[in-house]
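> Residue numbers for the sequence shown follow the working numbering, beginning at 102 and rising by one.
A virtual CB, placed ideally from N, CA and C, is assigned to each residue, including glycine.
One structure is given below, represented as structure tokens, and several questions about it will come after.
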Amino acid sequence: MPTEPLLQAGDLVAIGRHRTRVTAEFASSLEEGDQVLALSGSGELRRLPKHIVELVDISVGRAVSAFEQLSSASDQAINQFFELAAAALLDDAVFARVQTSNLADVESARTRGRSTTRLLLTDSMRHDMVSALTMWRDAPMSRNTMVSRIQHTGWTVDEMSAPLGVLGFVFEGRPNVFADATGVLKGGNTVVFRIGSDALGTAHAMMNHVICPSLLASGLPEDAVVLLDSPEHAAGWALFSDSRLSLAVARGSGDAVAELGSIAQQSGIPVSLHGTGGAWMIVGESADINRLCFVVTHSVDRKVCNTLNVICVQSSLAKIQLPIVMNGLESAAQSRGVRPRIHAVNGAERFLPPASTIQVRRAEGIQNELQITTANETSLGTEYEWEENPECAIVLVDSIAHAVKLFNDHSPQFIVSIVSQDAAERELVWTSVNAPFVGDGFTRWVDGQFSLLRPELGLSNWEYGRLFGRSGILSGDSAFSVRLRVQQSDPELHR
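Below you can see the structure in the form of structure tokens.
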């Protein structure tokens, strides 16, 4: 007997405060055994195919079992995993297999007009991955360590760090994230992750030739690190709907990350979101000219989340400072054989070179564009995604306070640099800007491996509120819970 369809076209579905009418297209896409996920934040519906739900259910179950087994694994075995994984990446024969898969991924992405700036597994990325793994090998264990001790008469209370459980991790197509993600083992946690479809072939090669062999050789459960073998977005949605996760971590584009976070939150899973990026730089009245040029150049050497995105210059100093800012941008661009692309706000174009047409390398190919175009303040929330040509906005402001207000109103509230020799100007920014990362030089320092010597799972902005009890850098050893252990020496202790 045929079963009734899960939903029919025209059905009205109540989703939180939303009322959603089922479209004919969505209803016709459903097959027997599928599940429907209703997004309370947007009122939208998502289809979870039966085979994806089953894949996620099995994968999380494997990680749950591995988590239980990991509690009996020695610290030495966990450290040996990192040693072996680093050695595997250093082995040219092993790395060649991974690189072959990566080059196929890159070629596929290019033919589809996709960005490949973060996808290509370069020698530099290889070095960074090895460095991350050896950092984890040498880092102190974060499980079963004492957080604090309260000494009472006749008894003590110890606060001890404890593993969190199974982490769900969805991230974009960046091969180096593998080394960062395995850091959860240092705290006794296991991980299930979905990588962007662009890098799925690379992910398989990493698992087959580096991760799994190193887990087995070190005596750790093979399912301590599980890759969801699916290119479908539904795999991420289903993963973040599984209440067995202790933490859901998402990094990638802003909209996709926000949706994944909403799914996890409505499923009762704590989240750590790493989405919209882009750093701001505020130039003070007393900015050193040579320093300004250098910090601009070194903030746009490549496009990642901590790359300089908006530069604020005070109108009264624009004639002096804007040419220096442009020199810094041109210097960074010249090293890549290109010119920078500028969006001028609040009349900044008056102090910039005359508009001319340049070649801009986009993911879809080379485009002829005006080097300098005008924009308004509402555009300051845009994160410019560029391939080769450094791209940013330059905005004229009345004062540092004006720059701070623009940042707080329009940015994802992420990274600020205040370039000034004046301590009062630096303090004004520190106390009034709503950002977790504040510096006085180049912006690219915001990175766990570079600044804290702990490879990161991701960086969090304050776009959706400040984080509770931790910094904006989430690393493998910062995912832990706390247990209390009492030792009673006085047998007659009572309340």
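Identify every residue that forms a DSSP beta bridge with Asp-493.
Checking the sequence, you will find Cys at residue 493 rather than Asp. Partner(s): Ile-443.
> Could I get the ranges of all uninterrupted alpha helix (DSSP H) runs contained in the region 385-441, with 4 residues as the minimum, in chain order?
390-398, 419-435, all fully within the region 385-441.
> With DSSP run on the structure shown, which of helix, strand or coil describes Arg-295?
Strand, per DSSP.
> At what residues does the beta strand (DSSP E) containing Met-261 begin and finish?
Looking at the DSSP string, the run of the beta strand (DSSP E) that includes Met-261 is 256-264.
> Using the Cβ count rule (16 or more neighbours within 10 Å means buried), how would you classify Thr-303?
So Thr-303 counts as buried.
> Going by CA-CA distance only, name the one from Gln-136, Arg-215, Asn-447 that's closest to Ser-480.
Ser-480 has its Cα closest to that of Asn-447, out of Gln-136, Arg-215, Asn-447.
> Going by DSSP, what residue range makes up the beta strand (DSSP E) through Arg-584?
Segment 581-589, the beta strand (DSSP E) holding Arg-584.
> Going along the chain, which residues of its own chain have a beta-carbon closer than 8 Å to the beta-carbon of Leu-316, five neighbours each way excluded?
Around Leu-316: Phe-182, Pro-322, Glu-323, Ala-325, Val-326.
> In the structure shown, what three-state DSSP assignment does Gln-200 receive?
DSSP places Gln-200 in helix when its eight states are reduced to three.
> Among Leu-113, Leu-507, Ala-178, which one has its Cα closest to the Cα of Glu-146?
Looking at the sequence provided, one finds Leu at residue 146 rather than Glu. If we check each option's Cα against that of Leu-146, Leu-113 comes out closest.
> Check each candidate in Pro-491, Gly-570, Ile-421 and name the one with the smallest Cα separation from Leu-497.
Among Pro-491, Gly-570, Ile-421, the Cα nearest to that of Leu-497 belongs to Ile-421.
> Is it buried or exposed, Gln-514, if we count other Cβ atoms within 10 angstroms and call 16 or more buried?
It counts as buried.
> What does a CB cutoff of less than 8 Å around Arg-604 pick up in its chain, not counting 5 residues either side in sequence?
Beyond the ends of the chain as shown, which are 102 and 596, falls residue 604; an answer cannot be given.
> Determine the extent of the beta strand (DSSP E) in which Pro-302 is found, giving its start and end residues.
Here residue 302 turns out to be Gly, not Pro, going by the sequence shown. From DSSP, Gly-302 is part of no beta strand (DSSP E) but of the alpha helix (DSSP H) over 301-307.
> At which residues does the beta strand (DSSP E) containing Val-231 begin and terminate?
That residue, Val-231, is in no beta strand (DSSP E); its alpha helix (DSSP H) goes 224-239.
> With DSSP as the reference, label Met-102 as helix, strand or coil.
Confidence at Met-102 is low in this model, with a pLDDT of 41, below 50, so its placement is unreliable and the value that follows should be read with caution. If DSSP states are grouped into helix, strand and coil, Met-102 belongs with coil.
> How many Å lie between Pro-276 and Asp-259 at the Cα?
Roughly 40 Å between the two C-alpha positions.
> Determine contact between the region 528-545 and the region 502-514, defined as no fewer than three beta-carbon pairs at a distance below 8 Å.
Yes, they touch.
> Once you ignore the five residues that flank Ser-387 on each side, which residues in its own chain have a CB closer than 8 Å to its CB?
Taken in chain order, the residues that qualify are Ser-521, Gln-522, Asp-523, Glu-526.
> Hey, would you say Leu-575 sits closer than 8 Å to Ala-282, going by beta carbons?
Not in contact: Leu-575 and Ala-282 (Cβ atoms no closer than 8 Å).
> Between the Cα of Asp-299 and the Cα atoms of Glu-593, Ala-318, Val-411, Phe-272, which residue gives the shortest distance?
Among Glu-593, Ala-318, Val-411, Phe-272, the Cα nearest to that of Asp-299 is on Phe-272.
> Residue ranges of each alpha helix (DSSP H) run of no fewer than 4 residues wholly in the region 477-532, ordered along the chain?
DSSP runs (the alpha helix (DSSP H)) wholly in the region 477-532: 501-511.
> Let's test the definition: count the other Cβ atoms within 10 Å of the Cβ of Trp-381 and tell me whether it reaches 16, buried, or not, exposed.
With 16 or more other Cβ atoms within 10 Å, it is buried.
> Do you know whose CA, among Gln-472, Arg-440, Trp-487, lies nearest Arg-463's CA?
Of the candidates Gln-472, Arg-440, Trp-487, the one whose C-alpha sits nearest the C-alpha of Arg-463 is Trp-487.
> Are Glu-484 and Thr-398 touching if we call contact CB-CB under 8 Å?
Contact flag unset, no.
> Could you tell me the alpha carbon to alpha carbon distance between Gln-415 and Val-547, rounded to whole angstroms?
Using only the alpha carbons, I get a separation of about 25 Å.
> Measure the C-alpha to C-alpha separation of Cys-394 and Asn-428 and round it to an integer number of angstroms.
Approximately 7 Å between the Cα atoms of the pair.
> Is Phe-341 helix, strand or coil by DSSP?
Coil, per DSSP.
> Taking Ile-495 and Ala-456 to be in contact with their CB atoms under 8 Å, please state how far apart those CB atoms are, rounded to whole angstroms.
Contact flag wrong, Cβ pair sits at about 14 Å.
> Roughly how many angstroms separate the alpha carbons of Ala-470 and Gln-460, rounded to a whole number?
Strictly speaking, residue 470 in this sequence is Glu, with Ala absent from that position. So the alpha carbons of these two residues sit roughly 6 Å apart.
> Under 8 Å between the Cβ atoms of Ala-607 and Thr-408?
Shown here, the chain extends from 102 to 596; a query on residue 607 therefore has no answer.
> Over the uninterrupted beta strand (DSSP E) stretch that includes Val-271, give me the two end residues.
Segment 267-272, the beta strand (DSSP E) holding Val-271.
> Based on Cα-Cα distance, which residue from Ser-160, Gln-252, Val-539, Ser-582 lies nearest to Gly-269?
Nearest of Ser-160, Gln-252, Val-539, Ser-582 to Gly-269, Cα basis: Ser-160.
> How about Gly-288 and Ala-174: do their beta carbons lie closer than 8 Å?
Not closer than 8 Å, so no.
> If I follow the unbroken beta strand (DSSP E) through Ser-373, where does it start and stop?
Its beta strand (DSSP E) spans residues 372-375.
> Could you pull out every residue in the same chain whose Cβ sits closer than 7 Å to the Cβ of Gln-200, ignoring the five residues on either side in sequence?
So the list reads Leu-222, once near-sequence residues are dropped.
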